[in-house]
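Enquirer: Residue numbering for the sequence shown follows the numbering used here, beginning at 130 and increasing consecutively. Please read through the structure below; I'll follow up with questions.
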Amino acid sequence: METKNALAGIFTLAEGMQAELSALRRDLHRHPETGWTELRTSALIAQRLTALGFDEVLVGEAVCDRASRLGLPSGEALEAADRRAKAQGADPVFLEAARGGMTGVIGVLRCGEGPVVALRFDIDALPIREDDGADHLPAAEGFRSETEGVMHACGHDGHTAIGLGTAKLLCNLRQRLQGTVKLIFQPAEEGVRGAKAIVEKGHLDDVDFLLGAHLGGDRSIQTPTIGVGANPTLATRKLDVCFHGKAAHACLAPDAGNNAMLAAATAILNLHAIPRCGDAPTRVNVGRMTAGSGRNVICDRAVLELEVRGLTTAANDYMTDYAERIVRAAAQMHGCTCEIALRGEAAGDRNSPALCERVLTVCRDGLGLPVCRLDEETGGFISEDYSLLAERVRAHGGQSCYFKNLAACAAPIHDPRFDFPERALVTGAAAFAGVTAELLSAGPTGTEGTDSSPRSE
Ligand SMILES: [Zn+2]
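As structure tokens, then:
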């Protein structure tokens, strides 16, 4: 009884933050930043967590392992982002720490002995030009992207606002918590580039419970709803391949050259012919090839952008190994050399059933939120680098649950007309704070007889 009341109070608190969360989300939406350039965003998060009195606010080198950042933009792009963030009023103190692709923030709240709960919020935008039609709400209400060609089309502005709302709620509940909370504001989720650097820095090594969520849903959803299911996601690797050959005259001495374009073409056809894996669904795609300088020149350089996926990490490893073998053999066949660069990575993931049940119960019975169970298909067949965080947590016996924050979105994610109802900000913050409070419940707030140990499954 007491539990229910304590948790119901959280939803009321969250509801009281609606105007604040909407304003915050709109500010973030106006200033979108793509992966590894979330400078203004990181500065804003760090500023807010500091003001809330978090015990630790980690920025820059303390967040990401420098060498494990994948798919970093060029030096010029990073410098341009720095100038833009300054012009958009980013706090200079925090900006300094995040420069050069060292974005992301982690806030730590220490509330005595107890389990460690980590909450993950992704913060980056996409290279998409936002719709400017009068029926697109951000355009109509004056919070359309101010950086042309960059847009929060995946709701990560909402995720960031939800994270900061959760931070405020947890600070309010602090005296009732027993354990540690880590709020991970992760850069560069798009292209699955950012999670690896956070994992390699060791931030997940002591985590017992990991939670993440994504906004989404279509117009059939009348009230924001928390959706929970197994959420199987595909492991993936994004590879850039560069073939190096030797240029020669195409008529006088074609035999004197080493044709990098032929090596690339041979690789493409064979990559798409990798035998299917018997254990799990797999995918392969070469999405881009850049090669050649002119009609009568043997091509000396070709670049491929490709990806492989598998429903399990093992199936993804199989695809990766096969792809690399094909690429090297194709290079050798035409007397070329090749370099393979990893540009993004995610693991195969599946939610922990016990934690899913707790999320469902807390949201439905404790917070009074509409909830639904998602079937396998609803959650599957995408990739998310949250999975790398979950993989590390599960490796030492912890639990993970990635749920859906469903609401009547105006268009699918990654669409120039994507937008979500801001009521979902309240639902999201209440869900994260409520579940965390339950997992770290001390005494009367806790559900009687519930063992907080993740190893009791
Ligand atoms: Zn997303």
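Every residue gets a Cβ at the ideal spot worked out from N, C-alpha and C, and that includes glycine. Everything numeric in this text was worked out from a predicted model, so none of it was measured.
Would you say His343 touches ligand 1, meaning its beta carbon is less than 7 angstroms from a heavy atom?
Expert: To locate residue 343, count along the sequence shown from 1; it is residue 214. True, at least one ligand heavy atom lies under 7 angstroms from that Cβ.
Enquirer: Ignoring anything shorter than 4 residues, give me the alpha helix (DSSP H) runs that lie fully in the segment 289-359, in order along the chain.
Expert: Listed in chain order, they are 324-329.
Enquirer: Any heavy atom of ligand 1 closer than 7 angstroms to the Cβ of Cys538?
Expert: Along the sequence shown, read from residue 1 onward, the residue named residue 538 stands at position 409. It does not: the Cβ of Cys538 is nowhere closer than 7 angstroms to a heavy atom of ligand 1.
Enquirer: If we count Cβ pairs, one from each stretch, closer than 8 angstroms, do we get three or more for the segment 450-467 versus the segment 345-360?
Expert: Too few Cβ pairs lie closer than 8 angstroms, so no.
Enquirer: Within its chain, find whatever has a CB closer than 7 angstroms to the CB of Ala359; leave out the 5 residues flanking it on each side and keep chain order.
Expert: As a position in the sequence shown, residue 359 is number 230, starting the count at 1. Arg479, Asn480, Glu505, Gly508, listed in sequence order.
Enquirer: How is Val413 classed by DSSP in three states: helix, strand or coil?
Expert: On the sequence shown, position 284 is the one that residue 413 refers to. Here Val413 sits in strand by DSSP.
Enquirer: With DSSP run on the structure shown, which of helix, strand or coil describes Asn399?
Expert: Along the sequence shown, one-based indexing puts residue 399 at 270. Residue state, collapsed to three classes: helix.
Enquirer: Under 8 angstroms, do Thr442 and Gly477 count as touching if we go by C-beta distance?
Expert: As a working note, residue 442 is residue 313 in the sequence shown. As a working note, residue 477 is residue 348 in the sequence shown. Yes. Within cutoff.
Enquirer: In this structure, how does DSSP classify Met462 when only helix, strand and coil are distinguished?
Expert: Here residue 462 is taken as the residue at index 333 of the sequence shown, counted from 1. Met462: helix per DSSP, three-state reduction.
Enquirer: Counting C-beta neighbours from all protein chains within 10 Å, is the total for Gly278 16 or more, i.e. buried, or is it exposed?
Expert: Position 149 of the sequence shown, counted from the first residue, corresponds to residue 278. So Gly278 counts as exposed.
Enquirer: Using only the alpha-carbon positions, how far apart do Ala135 and Arg249 sit?
Expert: The sequence position of residue 135 within the sequence shown is 6, counting from 1. The sequence position of residue 249 within the sequence shown is 120, counting from 1. Roughly 24 angstroms between the two C-alpha positions.
Enquirer: Is it right to say Asn425 is buried, meaning 16 or more other beta carbons lie within 10 angstroms of its own, or is it exposed?
Expert: Translated into the one-based positions of the sequence shown, residue 425 becomes position 296. Counting Cβ neighbours within 10 Å, Asn425 comes out exposed, since fewer than 16 surround it.
Enquirer: Do Thr170 and Thr289 count as a contact pair if the criterion is CB distance below 8 angstroms?
Expert: Mapped onto the sequence shown, residue 289 falls at position 160. Mapped onto the sequence shown, residue 170 falls at position 41. Taking 8 angstroms as the Cβ cut-off, Thr289 and Thr170 qualify as a contacting pair.
Enquirer: Check the C-beta distance from Ala254 over to Pro161 and give it rounded, since I have them as a contact under 8 angstroms.
Expert: For the purposes of this step, residue 254 is taken as the residue at position 125 of the sequence shown. For the purposes of this step, residue 161 is taken as the residue at position 32 of the sequence shown. Rounded, the Cβ-Cβ distance is 3 angstroms, consistent with contact.
Enquirer: Check this for me: beta carbons of Arg154 and Glu551, under 8 angstroms apart or not?
Expert: Mapped onto the sequence shown, residue 154 falls at position 25. Mapped onto the sequence shown, residue 551 falls at position 422. For Arg154 and Glu551, yes; Cβs fall inside 8 angstroms.
Enquirer: Quick one: residues in its chain with C-beta nearer than 7 angstroms to the C-beta of Phe256, no 5 flanking neighbours on either side, listed in chain order?
Expert: The residue given as residue 256 occupies position 127 in the sequence shown. Note that residue 256 corresponds to Pro in the displayed sequence, not to Phe. Taken in chain order, the residues that qualify are Thr163, Gly278, Val279.
Enquirer: Would you give the residue range spanned by the beta strand (DSSP E) that Ala247 belongs to?
Expert: The residue labelled residue 247 in the question sits at position 118 within the sequence shown. 245-251 is the extent of the beta strand (DSSP E) around Ala247.
Enquirer: So if DSSP puts Asp478 in a beta bridge, which residue, or which two residues, is it bridged to?
Expert: Against the sequence shown, residue 478 aligns to sequence position 349. For Asp478, which the question treats as bridged, DSSP gives the partners Thr362.
Enquirer: If you reduce the DSSP assignment to three classes, tell me which class Phe372 lands in.
Expert: Along the sequence shown, read from residue 1 onward, the residue named residue 372 stands at position 243. Note: Phe372 maps to strand in three-state DSSP.
Enquirer: Bridge partners of Arg502, per DSSP?
Expert: One-based indexing of the sequence shown puts residue 502 at position 373. DSSP lists Val357 as partners of Arg502.
Enquirer: Taking the Cβ atom as the reference point for each residue, do Ala282 and Ile542 lie within a distance shorter than 8 angstroms?
Expert: On the sequence shown, position 153 is the one that residue 282 refers to. On the sequence shown, position 413 is the one that residue 542 refers to. For Ala282 and Ile542, yes; Cβs fall inside 8 angstroms.
Enquirer: Should Met390 be labelled buried (16 or more other beta-carbon atoms within 10 Å of its own) or exposed?
Expert: Position 261 of the sequence shown, counted from the first residue, corresponds to residue 390. With 16 or more Cβ atoms within 10 Å of its Cβ, Met390 is classed as buried.
Enquirer: State buried or exposed for Glu167, treating a residue as buried only when at least 16 other CB atoms are found within 10 Å of its CB.
Expert: Taking the sequence shown and counting its residues from 1, the one referred to as residue 167 is at position 38. Per the 10 Å Cβ criterion, buried.
Enquirer: Return the Cβ separation of Gln549 and Ala536 in integer angstroms, given the expectation that the two are a contact with Cβ distance under 8 angstroms.
Expert: Indexing the sequence shown from 1 puts residue 549 at position 420. Indexing the sequence shown from 1 puts residue 536 at position 407. The question names Gln, but residue 549 is Phe in the sequence shown. Between Ala536 and Phe549 the Cβ distance is about 5 angstroms, and since that is below 8 angstroms, they are a contact.
Enquirer: Once you ignore the five residues that flank Ala172 on each side, which residues in its own chain have a CB closer than 6 angstroms to its CB?
Expert: Working through the sequence shown from its first residue, we reach residue 172 at position 43. Closer than 6 angstroms at Cβ, skipping near neighbours: Ala219, Asp220, Phe223, Leu224.
Enquirer: In the DSSP output, which residue or residues are listed as bridge partners for Met280?
Expert: By one-based count along the sequence shown, residue 280 stands at place 151. For Met280, which the question treats as bridged, DSSP gives the partners Leu255.
Enquirer: Mind checking which residues open and close the alpha helix (DSSP H) that includes Glu567?
Expert: Within the sequence shown, numbered from 1, the residue matching residue 567 stands at position 438. Per DSSP, Glu567 belongs to the alpha helix (DSSP H) from 552-568.
Enquirer: Give me the Cβ distance between Leu142 and Leu298, rounded to the nearest whole Å; I'm assuming they're in contact under 8 angstroms.
Expert: On the sequence shown, residue 142 is found 13 positions in, with the first residue counted as 1. On the sequence shown, residue 298 is found 169 positions in, with the first residue counted as 1. At roughly 6 angstroms, the Cβ-Cβ gap stays under 8 angstroms, so Leu142 and Leu298 are in contact.
Enquirer: For a test of the three-state rule: what should DSSP assign to Ser203, helix, strand or coil?
Expert: Here residue 203 corresponds to residue number 74 of the sequence shown, with the count starting at 1. Ser203: coil per DSSP, three-state reduction.
Enquirer: Beta-carbon within less than 6 angstroms of Arg417's beta-carbon, same chain only, minus the 5 sequence neighbours each way: which residues are those?
Expert: Residue 417 sits at position 288 when you count from the first residue of the sequence shown. Contacts found: Glu434.
Enquirer: DSSP on Ala536, reduced to helix/strand/coil?
Expert: Working through the sequence shown from its first residue, we reach residue 536 at position 407. DSSP places Ala536 in coil when its eight states are reduced to three.
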